[in-house]
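Chemist: The following block contains the structure, expressed as structure tokens.
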Amino acid sequence: EAAVTQSPRSKVAVTGGKVTLSCHQTNNHDYMYWYRQDTGHGLRLIHYSYVADSTEKGDIPDGYKASRPSQENFSLILELASLSQTAVYFCASSDAGGGQLYFGEGSKLTVL
Amino acid sequence: GQQVKQSSPSLTVQEGGISILNCDYENDMFDYFAWYKKYPDNSPTLLISVRSNVDKREDGRLTVFLNKSGKHFSLHITASQPEDTAVYLCAAGENQGGSAKLIFGEGTKLTVSS
Chain V
6 EAAVTQSPRS KVAVTGGKVT LSCHQTNNHD YMYWYRQDTG HGLRLIHYSY VADSTEKGDI
66 PDGYKASRPS QENFSLILEL ASLSQTAVYF CASSDAGGGQ LYFGEGSKLT VL
Chain X
5 GQQVKQSSPS LTVQEGGISI LNCDYENDMF DYFAWYKKYP DNSPTLLISV RSNVDKREDG
65 RLTVFLNKSG KHFSLHITAS QPEDTAVYLC AAGENQGGSA KLIFGEGTKL TVSS
């Protein structure tokens, strides 16, 4: 069964609204990541975490917050969603820094 | 600026040929290099990876070559098959004590024509 699960898998949000994307992993991994996928940009790192109750900024953190309440759960929060945040978001986990990432199925977010 | 860069957005190869995918990076501290494969509407999956202490790693039809002085690594796929058609993402990262992150390139769309 899938070891990294994301919810929701698809969401339509209105501009200015709040969006929360959730990620749950059963890999017992310390590291968790949020990436966004845009055509022509590959995967860009938004936030990551290597321990519960702590998060780190990635390369494109503006407009996003992250929360890691437990080892298994990592959320991405858009307080004021904007059109430019329409994208597919991937969560991933890893058992070591710089090691293999195990991705969730992705969450397609459309902001109207 | 882009820390990890794939200069070719697309590549077309004949079935049975060799596919060569290239990746350049900027950070001297990167010590882990990987290639991921992604089908449309699917999540990326790891194909092959190397640490900085080796120059080459083979796994079946896949070979990764690492050129640290040139800050460049590549993926060679021999006997390319139509099912190899996908987007290939290179990635590089480093350990920073307890913190680490993997940076991806923009991706190269490989099409293997039969």
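Residue numbers (the working numbering), protein chains in the order written: chain V, 6 to 117; chain X, 5 to 118.
Ideal placement from N, C-alpha and C gives every residue a C-beta, glycine not left out.
1) In the region 49-70 of chain X, which residues sit with their C-beta less than 8 Å from some C-beta in chain V, listed in chain order?
2) Quick check on this structure: which residue in Ser14/X, Thr115/X, Gln7/X has the alpha carbon closest to the alpha carbon of Thr44/V?
3) Helix, strand or coil for Gln30/V? Go by DSSP, reduced to three states.
4) Leaving out the 5 sequence neighbours to the left and right, which residues in its chain are closer than 7 Å to Phe34/X when beta-carbon positions are compared?
5) For Leu106/V versus Ala92/V, is the C-beta spacing smaller than 7 Å?
6) When we look at the beta-carbon of Tyr43/X and count the other beta-carbons within 10 Å, is it buried (16 or more) or exposed?
7) By DSSP, does Glu110/V sit in helix, in strand, or in coil?
8) Can you check which of these residues, Asp45/X, Tyr36/X, Arg65/X, Asn26/X, is closest to Gly111/V by C-alpha distance?
9) So, Ile51/V versus Gly68/V, is the Cβ gap smaller than 7 Å?
10) What did DSSP end up calling Ser11/X once you bin it into helix, strand or coil?
11) Would Gly74/X be called buried (16 or more neighbouring beta carbons within 10 Å of its own) or exposed?
12) Which of helix, strand or coil does DSSP assign to Ser23/X?
13) Between which residues of its own chain and Cys27/X is the CB-CB distance below 6 Å, once the five residues before and five after are set aside?
14) Closest to Leu25/X by C-alpha separation, out of His80/X, Lys105/X, Asp32/X, Glu87/X, would be which residue?
15) Have a look at Ser12/X and Asp32/X and give me their C-alpha separation to the nearest angstrom.
16) Rounded to a whole number of angstroms, what is the C-alpha to C-alpha distance between Val17/V and Asn71/X?
17) For Asp43/V, report the span of its beta strand (DSSP E) as first-last.
Modeler: So, to answer that:
1) Taking 8 Å as the Cβ-Cβ cut-off against chain V, the residues of the region 49-70 of chain X that qualify are Thr49, Leu50, Ser53.
2) Working through the first sequence from its first residue, we reach residue 44/V at position 39. Among Ser14/X, Thr115/X, Gln7/X, the Cα nearest to that of Thr44/V is on Ser14/X.
3) Mapped onto the first sequence, residue 30/V falls at position 25. Per DSSP, reduced to three states, the secondary structure at Gln30/V is strand.
4) For the purposes of this step, residue 34/X is identified with residue 30 of the second sequence, where counting begins at 1. Closer than 7 Å at Cβ, skipping near neighbours: Ala96, Gly97, Glu98.
5) Counted from its first residue, the first sequence places residue 106/V at position 101. Counted from its first residue, the first sequence places residue 92/V at position 87. Their beta carbons are not under 7 Å apart, which means Leu106/V does not touch Ala92/V by this criterion.
6) Numbered from 1 along the second sequence, position 39 holds the residue referred to as residue 43/X. Classification of Tyr43/X: exposed, given that the 10 Å Cβ count is below 16.
7) The residue labelled residue 110/V in the question sits at position 105 within the first sequence. Coil at Glu110/V, not helix or strand.
8) Along the first sequence, one-based indexing puts residue 111/V at 106. Of the candidates Asp45/X, Tyr36/X, Arg65/X, Asn26/X, the one whose C-alpha sits nearest the C-alpha of Gly111/V is Asp45/X.
9) Position 46 of the first sequence holds residue 51/V. Position 63 of the first sequence holds residue 68/V. Contact flag unset, no.
10) Taking the second sequence and counting its residues from 1, one reaches residue 11/X at position 7. If DSSP states are grouped into helix, strand and coil, Ser11/X belongs with coil.
11) Translated into the one-based positions of the second sequence, residue 74/X becomes position 70. Around the CB of Gly74/X, fewer than 16 other CB atoms lie within 10 Å, so the residue is classed as exposed.
12) On the second sequence, position 19 is the one that residue 23/X refers to. Note: Ser23/X maps to strand in three-state DSSP.
13) For the purposes of this step, residue 27/X is identified with residue 23 of the second sequence, where counting begins at 1. Shown here for Cys27/X: same chain residues with a beta carbon closer than 6 Å to its own, the five before and five after excluded, namely Gln10, Phe77, Cys94, Gly109 in chain order.
14) For the purposes of this step, residue 25/X is taken as the residue at position 21 of the second sequence. Among His80/X, Lys105/X, Asp32/X, Glu87/X, the Cα nearest to that of Leu25/X is on His80/X.
15) The count along the second sequence starts at 1 and reaches residue 12/X at position 8. The count along the second sequence starts at 1 and reaches residue 32/X at position 28. Approximately 22 Å, taken between the alpha carbons.
16) For the purposes of this step, residue 17/V is identified with residue 12 of the first sequence, where counting begins at 1. For the purposes of this step, residue 71/X is identified with residue 67 of the second sequence, where counting begins at 1. Approximately 44 Å, taken between the alpha carbons.
17) In the first sequence, counting from the first residue as 1, residue 43/V sits at position 38. Element bounds for Asp43/V: 36-43.
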